[in-house]
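Trainee:
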Amino acid sequence: MKQGWEYKRFEACINKTPKPKQVKTEEYNSGTKYPIVSQEDKLISGYYDDESYVFHIDSPVVIFGDHTRVLKYIDFDFVVGADGVKIISPKQELNAKFLLYYLQWYKIPNLGYSRHYKLLKEIQIPLPPKSTQLSIVSELDKINELIRLKKEQLKDYDNLAQSIFYEMFGDPVENEKGWEVSTYSKCFNIGSGGTPSKSVPEYWDNGNIPWIGSNMCQNCIITETDGKFITQEGLNNSSTKYLEVGTVLVALVGATIGKVALLRTPTCTNQNVAFIKANESKDFVPEYVFYNLMGQYEEFMKIGKGDFKMANQAFIKALPILSPPLSLQHLFAQRIEKIEHQKSEVAKAITDLETLLASRMQHWFE
């Protein structure tokens, strides 16, 4: 605790707020007028038109996801989306953005899909002078703004890469350039991964073979995995495959269906990921295959009805692939390599800024 700062229990620092009406999830996109704030990571989840649902604010509030622990700073009138959204209205002595940063720093335990708001009641909130709060907020805001700008740079580089692809090869579905068309099944070795039994410790304990799920397929180039490993015994006793650099991956199910990845590091995958061994082809360059498949995302969205969609190997194998000259594909890969180098520099800058942000929050709130 900072010497000279006052501390109060969480509930002593906030105003009581009336329980607002809640919009059902299926109605999130039914309107255009009033923004819907939910537990999702994105700031606004949709729009709603019924004014009787609007929560009017006199000053900024903090939104807390009771199940997800997502925190948001809201300075506009809004509509509450579904259950579990807690509105925290700080008293005049506490700046809402200062409270947001403190709660982001505070390690709220993860109880799974449970009620987390009750845990906030145990927290002691720091109350330095209002001028100090504003100074801290200003400092942290500046760092966050730099992070936001760098992340926008990454999006710009992604858009540039896609623009180059369409300029050189055209739409992979429309084929307005008239390239020869084949199918993935005729051009590549295609398969899917698997999961070693979780009930056999020997398949997982002290493993050193990377293993990933479909969550890693985010229309990205994978240079490192997310920390899951299996053993050689786990690899030998499951349907998963060890995939080399240059393999293209595509998610088959769930929120990431149709999203792709290009391996720059070897790994195994689970059964929800299909692999295309573009690295083994003499007629195609992996970078070209990666962007070609990314351009067919809408074909995945046509699968089935409703929100839940599932693809399979047969679907992947039937997808068309255009066959432009190999020399043109190599030229495209060279341009992508330059863009990826620039992206890595920006990503490093983001990591450094995020480390700085964490350090400054630790300085102020420890």
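Note that the sequence shown covers residues -18 to 347 in our numbering. All C-beta atoms in this analysis are idealised placements derived from N, C-alpha and C, irrespective of residue type, glycine included. Just so it is clear, the structure is predicted and the values come from calculations on it, not from any experiment.
1. Return no unless some Cβ of chain C is closer than 8 angstroms to the Cβ of Ser112.
2. Could you check what DSSP says for Arg352 in three-state terms: helix, strand or coil?
3. List the whole-angstrom C-beta distance separating Arg245 from Ile202, where the pair is believed to meet the contact cut-off of C-beta under 8 angstroms.
4. From Val266 to Gln310, what distance separates their C-alpha atoms?
5. According to DSSP, is Val118 part of a helix, a strand, or is it coil?
6. Over the uninterrupted alpha helix (DSSP H) stretch that includes Tyr357, give me the two end residues.
7. Using C-beta distances below 6 angstroms, list every residue in its chain close to Ser195, excluding the 5 sequence neighbours before and after it, in chain order.
8. What span of residues does the alpha helix (DSSP H) with Gln105 cover, start to end?
9. Alpha carbons only, please: which of Ser325, Phe281, Leu274 and Ala292 is nearest the one belonging to Leu303?
10. Are there 16 or more other CB atoms within 10 angstroms of the CB of Gly93, so buried, or fewer, so exposed?
11. Are the segment 149 to 159 and the segment 111 to 121 in contact at 8 angstroms, needing three or more beta carbon pairs?
12. Once DSSP output is grouped into helix, strand and coil, what is the label at Ile317?
13. Report the rounded CA-to-CA distance for Leu108 versus Glu21, giving the unit in angstroms.
14. Just the C-alpha distance for Phe169 and Glu326, rounded to the nearest angstrom, thanks.
15. Thinking C-beta only, is Leu100 closer than 8 angstroms to Val43?
16. How long is the line joining the alpha carbons of Tyr54 and Glu280, rounded to whole angstroms?
17. Going straight from the alpha carbon of Thr49 to that of Ala63, what length do you get?
18. Quick one: what's got a C-beta closer than 6 angstroms to Tyr223's C-beta in the same chain, skipping five residues either side?
19. Going by beta carbon distance, what residues of the same chain come within less than 7 angstroms of Leu24, once the five residues before and after it are set aside?
20. Quick one: complete beta strand (DSSP E) runs, 3+ long, within the segment -12 to 35?
21. Between Thr221 and Trp192, how many whole angstroms is the CB-CB distance? I'm expecting something under 8 angstroms.
22. Which partner residues of Ala232 appear in the DSSP bridge assignment?
23. Could you tell me whether the segment 124 to 139 touches the segment 173 to 193, where touching means 3 or more Cβ pairs closer than 8 angstroms?
24. Would you list the residues sitting across from Met291 in a DSSP beta bridge?
25. So, at 6 angstroms on beta carbons, what are the nonlocal neighbours of Tyr272 in its own chain, with the 5 sequence-adjacent residues on each side left out?
26. Let me check understanding here. Comparing Cα to Cα, which of Ile69, Cys198, Gly174 and Glu133 lies closest to Leu216?
27. Could you tell me which residues DSSP puts in a beta bridge with Ile55?
28. Is the beta carbon of Tyr9 sitting closer than 8 angstroms to the one on Ser26?
29. Compute the beta-carbon to beta-carbon distance between Ile(-5) and Ser70, rounded to the nearest angstrom, for a pair I have assumed lies under 8 angstroms.
30. Thinking Trp86 and Met342 are a contact (beta carbons under 8 angstroms), I'd like their distance in whole angstroms, please.
31. Starting from Trp192 and walking both ways along the beta strand (DSSP E), at which residues does that stretch end?
32. With a threshold of 16 other CB atoms inside 10 Å of the CB of Leu243, please say whether the residue is buried or exposed.
33. Expressed to the nearest angstrom, what Euclidean distance is found between the alpha-carbon atoms of Gly46 and Lys(-11)?
34. Using CA atoms only, rank isn't needed, just tell me which of Arg96, Leu84 and Thr228 is closest to Gln105.
35. Taking the beta carbon of Gly208 as the centre, do at least 16 other beta carbons fall within 10 Å, making it buried, or is it exposed?
36. Cα separation between Gly239 and Ile284?
Mentor: Reading from the atomic positions:
1. Included in the structure is just one protein chain, with no chain C present.
2. In the structure displayed, the chain extends from -18 to 347; residue 352 sits before or after that span and is not available.
3. On the sequence shown, position 264 is the one that residue 245 refers to. On the sequence shown, position 221 is the one that residue 202 refers to. Going by Cβ atoms, the distance from Arg245 to Ile202 rounds to 6 angstroms, so yes, they are a contact pair.
4. Here residue 266 refers to the residue found at position 285 when the sequence shown is read from its first residue. Here residue 310 refers to the residue found at position 329 when the sequence shown is read from its first residue. Near 6 angstroms, if we compare the C-alpha coordinates of Gln310 and Val266.
5. Locating residue 118 in the sequence shown gives position 137, counting from the first residue. Residue state, collapsed to three classes: helix.
6. Only positions -18 to 347 of the chain appear in the structure, and residue 357 is not among them; the question remains open.
7. Along the sequence shown, read from residue 1 onward, the residue named residue 195 stands at position 214. Result list for Ser195: Ala232, Thr237, Asn253 and Val254, in chain order.
8. What you label residue 105 is simply residue 124 of the sequence shown in a count that begins at 1. Taken as a continuous stretch (DSSP letters only), Gln105 belongs to no alpha helix (DSSP H), being part of the beta strand (DSSP E) at Gln105 to Leu108.
9. Taking the first residue of the sequence shown as 1, we reach residue 303 at position 322. With distances taken between Cα atoms, Leu303 lies closest to Leu274.
10. Looking up residue 93 in the sequence shown gives position 112. Burial call: exposed.
11. no
12. By one-based count along the sequence shown, residue 317 stands at place 336. Here Ile317 sits in helix by DSSP.
13. Numbered from its first residue, the sequence shown carries residue 108 at position 127. Numbered from its first residue, the sequence shown carries residue 21 at position 40. Distance between the alpha carbons of Leu108 and Glu21: 29 angstroms.
14. Within the sequence shown, residue 169 is the residue found at index 188, counting from 1. Within the sequence shown, residue 326 is the residue found at index 345, counting from 1. So the two alpha carbons sit approximately 33 angstroms from each other.
15. On the sequence shown, residue 43 is found 62 positions in, with the first residue counted as 1. On the sequence shown, residue 100 is found 119 positions in, with the first residue counted as 1. Result no, Cβ atoms of Val43 and Leu100 do not sit closer than 8 angstroms.
16. Working through the sequence shown from its first residue, we reach residue 54 at position 73. Working through the sequence shown from its first residue, we reach residue 280 at position 299. The straight-line gap from Cα to Cα measures roughly 37 angstroms.
17. Indexing the sequence shown from 1 puts residue 49 at position 68. Indexing the sequence shown from 1 puts residue 63 at position 82. Distance between the alpha carbons of Thr49 and Ala63 is about 13 angstroms.
18. Taking the first residue of the sequence shown as position 1, residue 223 is located at position 242. Within the same chain, Tyr223 has close Cβ partners Cys249.
19. The residue you call residue 24 lines up with position 43 of the sequence shown. So the list reads Lys53, once near-sequence residues are dropped.
20. For the segment -12 to 35, whole beta strand (DSSP E) runs of length 3 or above, ordered along the chain, are 15 to 18 and 27 to 29.
21. Here residue 221 refers to the residue found at position 240 of the sequence shown. Here residue 192 refers to the residue found at position 211 of the sequence shown. Right, the Cβ-Cβ distance comes to about 7 angstroms (below 8 angstroms), so this counts as a contact.
22. Numbered from 1 along the sequence shown, position 251 holds the residue referred to as residue 232. In DSSP, Ala232 forms a bridge with Val254.
23. no
24. Start at 1 with the first residue of the sequence shown, and residue 291 comes out as number 310. DSSP output for Met291 lists Val234 as bridge partner(s).
25. As a working mapping, residue 272 is identified with position 291 in the sequence shown. These residues qualify, in order along the chain: Phe146.
26. The residue labelled residue 216 in the question sits at position 235 within the sequence shown. The option with the nearest alpha carbon to Leu216 is Gly174.
27. Taking the sequence shown and counting its residues from 1, one reaches residue 55 at position 74. For Ile55, which the question treats as bridged, DSSP gives the partners Val42.
28. The residue you call residue 9 lines up with position 28 of the sequence shown. The residue you call residue 26 lines up with position 45 of the sequence shown. A contact, by the Cβ cut-off of 8 angstroms.
29. As a working mapping, residue -5 is identified with position 14 in the sequence shown. As a working mapping, residue 70 is identified with position 89 in the sequence shown. Right, their Cβ atoms sit about 6 angstroms apart.
30. The residue you call residue 86 lines up with position 105 of the sequence shown. The residue you call residue 342 lines up with position 361 of the sequence shown. Contact between Trp86 and Met342 is confirmed by a C-beta separation of about 4 angstroms, below the 8 angstroms threshold.
31. Locating residue 192 in the sequence shown gives position 211, counting from the first residue. From DSSP, the beta strand (DSSP E) with Trp192 extends over Ile190 to Ile193.
32. Stepping through the sequence shown from its first residue, residue 243 is reached at position 262. Classification for Leu243: buried.
33. As a position in the sequence shown, residue 46 is number 65, starting the count at 1. As a position in the sequence shown, residue -11 is number 8, starting the count at 1. So the two alpha carbons sit approximately 22 angstroms from each other.
34. Residue numbering aside, residue 105 sits at position 124 when the sequence shown is read from its first letter. Of the candidates Arg96, Leu84 and Thr228, the one whose C-alpha sits nearest the C-alpha of Gln105 is Leu84.
35. Indexing the sequence shown from 1 puts residue 208 at position 227. Gly208 is exposed by the Cβ-count criterion.
36. Counting from 1 along the sequence shown, the entry for residue 239 is found at position 258. Counting from 1 along the sequence shown, the entry for residue 284 is found at position 303. Rounded to the nearest whole angstrom, the C-alpha separation of Gly239 and Ile284 is 10 angstroms.
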